[in-house]
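Chains as they are written, first to last, in the numbering used here: chain A, 1 to 285; chain B, 286 to 437; chain C, 438 to 515. Note that the Cβ used here is the ideal one computed from N, Cα and C, for glycine as well. Since we're looking at a predicted model, the values are computed, not measured. The structure under discussion appears below in the form of structure tokens.
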């Protein structure tokens, strides 16, 4: 019976693959030439209208800035969803699994209970990853394999030394996005990598606070608030939503784009770094 | 033409992974592959129109279309967010059932009646509160053992 | 050149899905990202290349490894 069912499911898979390829084949094998109207317009007028030499920055912060605002909202939702799910992980659902297993020693169970119940509270200040990890440790213990040690001496030395360089490069990419390849999103993900490096290579006695989840959450929230304020400031000046409030400046024609780049870069970097650190859990254990 | 065909195959590979693989992490791999295929398709399409990078320094003409690049830029960042969200969900399911295999997970979730779940959560909170109280009285282990015995 | 890179990406993509060890799949995934970044650079899209390199090789790998390390590394079926 199980063999027949397996065959049936394989047939279903094949049929759905065929259906998907039938839908997608015209999309992928479209032979009509790529429309060049937008390209021609941007080539002629893009630099004068926005002041940014890098046309990609000019598009996503000038012509399509509203779209970018929507993307940052998606980012915010994804980050808060991830943190919410992770901070609840190991609470009620895990209990059902745990009670069905007899091998778990009771002392460990009580320990993990006391660890994971406070995590259910929506508390931004506390670190959800730490609690999830502690609950998780008891789990892995009774599954007879310990979590492998990620922090080796080599990793510590390399990431700890490299992280300031990576952060510096991230800020460079972020702030020079109007002139060279780069911008808020690109610089933001590089900054997030730098933050993860810092968290991996961080020794206990180091004094930086940027790898703490609460600090990153606050940075992200502040950056989002600033983004909204900047968008609204155009209305106060008598323009539209996301209009340039700075006006045409002779010294710095792309001033508004630089401002948006910095704010979006901070938001993306803090958000993705926050998510990574929450998923990694606390390393010092 | 061959490029487009290869991209279609990449897309279908990812789709097959989502459909056929039992492991949730493999399904997330499939999602990532589909994302890469879409991004590559747009960038390859946009690069057909010109010969130069869209950075307008002096004397640059015939640039490639910058619009799909700007769109794909945000798509990549949103893609990694979606991956992280999916991973968090998978982690939570692992916590609940002890496996990444969807059959095991389905069995574990089905075998868990809702009332028992709610009851378990209640006892669990009570036990945790008592533990935290007793921790101050320096007698942390004895009572929870009783609790857990009653529960089972 | 595009075709060679795309074939490599396709091969690595298949390997990602059929490998028994999830860690090998993750490494193959980050290799896919690096090859894509190279391809974006060749296709005159340096902005996308920077993003893909940072995301694929850095962030994405870190979150996958973080989850795998806390849980199960082997894929039992397949």
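Across the structure, residue 81(A) and residue 71(A) are spaced so that their CA atoms are roughly 15 angstroms apart.
Taken in chain order, the complete alpha helix (DSSP H) segments of 4 or more residues contained in the region 346-386 of chain B are 351-382. The distance from the Cβ of residue 318(B) to that of residue 295(B) is about 6 angstroms, consistent with a contact at the 8 angstroms cut-off.
Residues of the region 329-350 of chain B whose Cβ lies closer than 9 angstroms to any Cβ of chain C, in chain order: 329, 331, 332, 335, 336, 337, 338, 339, 340, 348, 349. By the neighbour-count definition (other C-beta atoms within 10 Å, threshold 16), residue 209(A) is an exposed residue.
Contact residues of the region 173-190 of chain A toward chain C are 173, 181, 182, 183, 185, 186, 189, 190 (C-beta to C-beta distance below 7 angstroms). Residue environment analysis places residue 41(A) among the exposed positions, since fewer than 16 neighbouring C-beta atoms fall within 10 angstroms of its C-beta. When the Cα atoms are used, residue 315(B) and residue 300(B) turn out to be separated by approximately 6 angstroms.
For residue 509(C), the three-state secondary structure derived from DSSP is coil. Among the bridge pairs identified by DSSP, residue 308(B) is matched with 386(B). A Cβ-Cβ separation of about 5 angstroms places residue 357(B) in contact with residue 324(B) under the 8 angstroms criterion.
For residue 261(A), the closest Cβ of chain B is not nearer than 9 angstroms. A residue is called buried when at least 16 other Cβ atoms come within 10 angstroms of its Cβ; residue 269(A) meets this threshold and is buried.
The beta-carbon of residue 482(C) is placed less than 9 angstroms from the nearest beta-carbon of chain B.
One thing to note: residue 187(A) has its Cβ no nearer than 9 angstroms to the Cβ of residue 267(A). Put simply, the CB of residue 464(C) is far from chain B, with every gap to its CB atoms at 9 angstroms or more. The contact set of residue 279(A) on chain C, defined by CB atoms closer than 7 angstroms, consists of 500, 503, 504 in chain order. Along the region 468-479 of chain C, the positions whose C-beta sits under 8 angstroms from a C-beta of chain B are 469, 470, 473, 476, 477, read in chain order.
Counting only residues of its own chain and dropping the five nearest sequence neighbours on each side, residue 311(B) has a CB closer than 8 angstroms to the CB of 302. Residue state for residue 340(B) is assigned as strand, using DSSP reduced to three classes.
Residue contact with chain A for residue 359(B): present (Cβ-Cβ distance below 9 angstroms to some residue of chain A).
The beta carbons of residue 272(A) and residue 362(B) sit closer together than 9 angstroms.
The beta carbon of residue 451(C) does not come within 9 angstroms of any beta carbon belonging to chain A, so the residue lies off that interface.
Between residue 476(C) and residue 449(C), the C-beta gap is not smaller than 9 angstroms, which leaves the two residues out of contact. Residue 17(A) and residue 297(B) have their C-alpha atoms spaced approximately 7 angstroms apart. Residue 480(C) sits close to residue 439(C), with the two beta carbons spaced by under 9 angstroms. Taking all protein chains in view, the Cβ of residue 239(A) is surrounded by fewer than 16 other Cβ atoms within 10 Å, so the residue is classified as exposed. Of all residues in the region 302-324 of chain B, only 304, 305 come within less than 8 angstroms of chain A when Cβ atoms are compared, listed by chain position.
Take residue 194(A), set aside five residues on each side of it, and the residues of its chain with a beta-carbon closer than 7 angstroms to its own are 163, 166, 167, 170, in chain order. In this structure, residue 349(B) lies near residue 338(B), with their beta-carbon atoms less than 9 angstroms apart.
Among the CB atoms of chain A, one or more fall inside 9 angstroms of the CB of residue 496(C). Using a CB distance cut-off of 9 angstroms, residue 192(A) counts as an interface residue toward chain C. Distance from the CA of residue 289(B) to the CA of residue 30(A), rounded to the nearest whole angstrom, comes to 9 angstroms.
Closest by C-alpha distance to residue 65(A), out of 242(A), 279(A), 278(A), is 242(A). One alpha carbon belongs to residue 469(C), the other to residue 364(B), and they sit about 15 angstroms apart. Inter-residue distance for residue 222(A) and residue 237(A) is about 23 angstroms (C-alpha atoms, whole angstroms).
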